[in-house]
Each structure stands twice: as C-alpha cells, then as structure tokens.
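K.L.:
Going line by line, the protein sequences match chains A and B. One point on numbering: in my numbering, the residue at position 182 of the first sequence is 182, and numbering is uninterrupted. Remember, my numbering sits 1000 above the position in the second sequence when you count from 1.
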Amino acid sequence: MRALRTAASGMAAQQLNVEVISNNIANMNTVGFKRQRAEFQDLLYQNVERMGAQSSSQGTVVPTGIQIGAGVKAGSVYRITEQGSPTQTGGRYDVAIDGRGYFQVLLPSGETAFTRAGNFALNGEGQLVTDDGYAVQPNISIPQDAVDVSISKSGQVQVITAGTTEPSIVGQLELASFFNEAGLEAIGDNLLMETAASGAANVGTPGDVGFGQLLHGYTEASNVDAVAEISALIIAQRAYEMNSKVITTADQMLSVSAQVKS
Amino acid sequence: MENAAYVGLSRQMTLRRELDIVANNIANADTTGFKVEQLLLGAEIGERARNAFVRPGVSFVLDNGIGRDYGQGALEQTGRNLDFAIEGEGTFFKLNDGAGEAYTRDGAFTLDPEGRLTTEGGAAVQGDGGDIILDRALGEPSVAADGTISQNGNPVGRLSIVRFDALAALEKGGDGLYRNASNATAIEATDAQVRQGMLEGSNVNPILEITNLIEIQRAYESVTRMIENTNDLSRRAVERLGRA
C-alpha cells in the first residue's frame, strides 16, 4: 500500500523538523546564532490517469486525471539572517554587527571562516582572536601597555597607552558580505564557510553601503524566538501523530483484507 | 451472481486510492504552498452478469479524476527577505527550470552566485523580462505588493504572477512545481498580491483529513464484510445444492 510509505515520508519530514527546532532552542543563548527553518516540498506524482487522455472512441478526454503523490521531502533547511538584538556586555573586546556582514577569522588550516559572534579576546601576543584562539582578519595587535581600547562604528581600533592622552590607531576591522548568505556552510563553533552557492566574499569597511555598523561593548544575541519555536514544535508533533494515524489506518485496512475467508 | 463481489471490489480499489491521496495530504500538511487534493468518484453503469432477470443495472464505483482545492493557505511570517507568498487564489510564480516553464506557490527563493533569483531547486524565477538578476552592490531587495522588486529605491524588475483560464490543466510535478499539461494559456494576474518575508502554508485541513481517514477505514471494513457475506452465501448454496 502506497499510503504506508507516504505517511512514513511525512513522519521522517516531521522528525527532521523537530531536529531543526531543537537545535534552534538549544542555541537560544549562543552569541550570533541564526535560527534555521526546514522547508518541505512534495515528492513526485504518479499519473494514474493522465489528464487529457482519451476516455472514449468518440474523442472525449479526461478533464482532470488522477495524480497520486508519493509524500513529502525536505526541500531545504535554511538560515534566517534576521538581526539578533545587541546585548550590552561591557566586554573590552566584544563587538556586535548591526546590519549585514561577517567578521573574518583565520582557521589553523589557513582557510578563512566567517562569523557573527564578536566576543573576541586577546591571545598571548596581544592579537585579537575569537574565543577558540583563531586570529581575526585583518590582524590587529593591541600593545601591552594599552590602558583603554575603543572600536568605532566604522571598525577603527584605537588604543590609549600608558602615559599618553592621545588615542593611536592600531588597526581597522573589516566585514565580509555575501550575495546569498543562506548558501554559507555552518561548521560549528559559530563559524561559517564560503561555498559555491554563497558566492565569493565581498570585503568592505563597516558602515559602507551594504555593510552593517559595529557596536563596541555589545554582542549580538541569537535571533531565536522561544515562543515561535515552541509553537512550531507543537505543530510538528501533531503532524507527526497524524501521519502515524495514517499508518495505523492503512495497516488495519490491510489486516481486514487479509482476514477475508477464501 | 458475482456482481456483489465485483461491485465491492471496485469500491475497495477506489478506497485504497483515496487513502493514498489522504496520506499524501497529511504528509504535506506542513509543505509550503501545497494544495489539498481529493478523489472524485462516479458511478459506472456496468452490464449485468446475467440479463435474463428484470432487475436494475449494476453500478460500479469509478474514480474519474482528482479535484484540487486551489484555496489560499495561511501566510506565515519567516522574516527572510527572499521569502515570498502570493495572496490570490489560483495564481502562481512563473519559473523556468531548463525543461520549460513551471509554476509554483512556494516562494522560498534564493540567489545563485550570479545573483539570479531562483527556487531552492535552482529553477530561475521569471519576471517581466525573463530571469531576475539582482546586483549585490545595491543592497537589500524589497518587493512591493504588485511584485515590483527595488533595490536602494530603484526598481530592478518585477515578479511575474500568472493565472490560468482552466486550472484543471495543471499537473503537479513534485518539488512544489506545477506544469501546464494541456495548452492552457497563462495570463498575467494583476489582482494577486505579493508579500515579502512570508511563506504560504499548505491549505490542508487536518481535522477534515483525519475524518476522511476514519470514513475510508470504516467504508473499507463494511465493503469487506459485504464481500465476505457474498462469499458465505455462495458457499452455503453450493453445500445445499450438493446435498440435494
């Protein structure tokens, strides 16, 4: 019976849905996390009776035909890059992006990764790094005798060293933007990688057209909406239950047929 | 004599097909832009197996088509600026997927590396002048209710929304696509409205589908019981006649 497999595809789809939702809820407090959404599409259709087929020798045709669908599949799971709210942390090296763009991070493998999580720190050499110790690109070094650090909206990093009153510029943060942000590949640790689908990174200065501004002393909260996720979870569970009901029905119908005496 | 069994069989076969369709509706209850379907049944007057007696003709059950409800599904806010929903029944986004024109209600679009607006499956979304290509340097696209796309305040294209004079001519192609099976003409739908940042849910009514499910199961059981009774009847007839 086709209905059994169709309902099984529905259950598999809802299971994926629950997995996506649970990942969103689990990352509700992850800095710079962007919630994901599973999008479903119908599977292939079987033409039992093709529309427009001849239904008699008099030239009459079937007006609507019969098409039976084979269920559902996950079309895509995409990231929703809505802005998360900036949260004041007071952290000396915390930076949030207000608008489009990603910080660039140099991975130990030599590749460049991208992130929205701006909770940076310094390493032993005074270099600005992520909390995994990966250097933020372009390299920015803070002198050891820096008393105060300030990062402007346009990404200029200035320090006041001991004994001076004039701030001096030690570096400039840059942002990368992508044409198709949904095409970036998440590799965990808040990092994203460029893919053929995302297009090449377009690097620019914060505050320019197409790039967001920086907020020093803030981090970007995740854009997960707890209420929306919980209601999505309820819908997914009910949909799962309904599909299982179809399986029970199909099974009972088969069993009724199997019990017919010969 | 066997008429009852055959009539029962014709009903059983259509019930199984109905179950397949209801299963597909329920499986797609959460599918973007999905339109619910239903099997249309008719009575087929069959020839009597034995025409010596004067009695009414036998009607078999025949499924002669499916009805698709093109009613509007609920709009869901997603907050993504490349998600679009159409408000307006029986209207579609026009696509070109290489194999020709296709149509969809699923407006979860994306951009390919060249900036072309496509579906998740890669079919190019069609505008007034063919493919819609956005320029990265111009910033976020915003779409007006009539489908006009503008970037930075300047119009850069317009989504093509079409409708058909005969909706029955459309065939589902999977992946949320519809194809024009006969040569129905696609006409510009000027009254349809595009909503940005939203997607259209399916128009499956879960309660109705579960009710259908129960009805199908009970009908199947009673038809099966009828076939059983017919069987009993002929068995008993054979036994008694054999004794005589």
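Think of the CB as a built atom: it goes at the ideal place given N, C-alpha and C, for glycine as much as any other residue. The structure displayed is predicted, hence computed values, not measured ones.
1) Mind listing the chain A neighbours of Gln1196 of chain B? Cutoff is C-beta to C-beta under 8 Å, in chain order.
2) For a contact defined as C-beta to C-beta under 7 Å, what are the partners of Thr6 of chain A on chain B?
3) Which residue or residues does DSSP assign as beta-bridge partners of Met242 of chain A?
4) Going by CA-CA distance only, name the one from A:Thr81, A:Ile66, A:Val72 and A:Thr6 that's closest to Glu1171 of chain B.
5) Using the rule of at least 16 other Cβ atoms within 10 Å of the residue's Cβ for burial, across every protein chain shown, is Gln1077 of chain B buried or exposed?
6) Taking Cβ-Cβ distances below 8 Å as the criterion, which residues of the segment 16–49 of chain A are in contact with chain B?
7) Roughly how far, in whole angstroms, is the beta-carbon of Ile151 of chain A from the beta-carbon of Leu214 of chain A, given that I think they are within contact range, below 8 Å?
8) Could you run through the segment 66–84 of chain A and flag, in chain order, every residue whose CB is less than 9 Å away from some CB of chain B?
9) Using the C-alpha atoms, what's the distance from Thr248 of chain A back to Ala135 of chain A?
10) Taking Cβ-Cβ distances shorter than 8 Å, what residues in chain A pair up with Ile1210 of chain B?
11) Can you find a C-beta in chain B that's less than 7 Å from the C-beta of Gly207 of chain A?
12) Tell me whether Thr89 of chain A sits in a helix, a strand or coil according to DSSP, three-state version.
13) Going by C-alpha distance, which of B:Glu1221, B:Ser1234 and B:Arg1236 is nearest Gln259 of chain A?
14) Tell me whether the segment 1178–1194 of chain B and the segment 1079–1091 of chain B touch, counting them as touching only if at least three CB pairs, one residue from each stretch, are closer than 8 Å.
15) Name, please, each residue of chain B whose Cβ falls closer than 7 Å to the Cβ of Arg2 of chain A.
16) For a test of the three-state rule: what should DSSP assign to Gln83 of chain A, helix, strand or coil?
17) Using CA coordinates, which residue listed in A:Ala226, A:Ala201, A:Ile234 and A:Gln237 is at the minimum distance from Asn29 of chain A?
18) Using the three-state DSSP reduction, which class does Glu185 of chain A fall into: helix, strand or coil?
19) Cα-Cα, which of A:Gly32, A:Asn23, A:Val18 and A:Ala7 is closest to Asn1028 of chain B?
20) At the level of alpha carbons, what is the spacing between Thr1118 of chain B and Leu1159 of chain B?
P.N.:
So, from the listed chains and residues:
1) Here the premise fails: no neighbours, minimum Cβ distance about 13 Å.
2) Chain B residues near Thr6 of chain A: Asp1020, Ala1023, Asn1024 and Ala1027.
3) Paired residues: none, contrary to the question.
4) Of the listed residues, the one whose Cα sits closest to Glu1171 of chain B is A:Ile66.
5) Under a 10 Å Cβ-count criterion, Gln1077 of chain B is classified as exposed, with fewer than 16 other Cβ atoms of the shown protein chains found around its own Cβ.
6) The residues in question are Asn17, Arg37, Glu39, Phe40, Gln41, Asp42, Leu43, Leu44, Tyr45, Asn47, Val48 and Glu49.
7) Indeed, because the Cβ distance is near 6 Å, the residues count as touching under 8 Å.
8) Answer set for the segment 66–84 of chain A: Ile66, Gln67, Ile68, Gly69, Ala70, Gly71, Val72, Lys73, Gly75, Ser76, Tyr78, Arg79, Ile80, Thr81 and Glu82.
9) In this structure, the alpha-carbon of Ala135 of chain A lies about 56 Å from that of Thr248 of chain A.
10) Here the neighbours are Met242 and Lys245.
11) When Cβ-Cβ separations below 7 Å define contact, Gly207 of chain A makes no contact with chain B.
12) Under the three-state reduction of DSSP output, Thr89 of chain A falls in the coil class, being neither helix nor strand.
13) For Gln259 of chain A, the nearest C-alpha among the options comes from B:Glu1221.
14) These segments touch.
15) The answer, in chain order, is Asp1020.
16) In this structure, Gln83 of chain A counts as coil in the three-state DSSP scheme.
17) Checking every option, the nearest Cα to that of Asn29 of chain A belongs to A:Ala226.
18) Residue state, collapsed to three classes: strand.
19) Asn1028 of chain B has its Cα closest to that of A:Ala7, out of A:Gly32, A:Asn23, A:Val18 and A:Ala7.
20) Between the alpha carbons of Thr1118 of chain B and Leu1159 of chain B lies a distance of about 12 Å.
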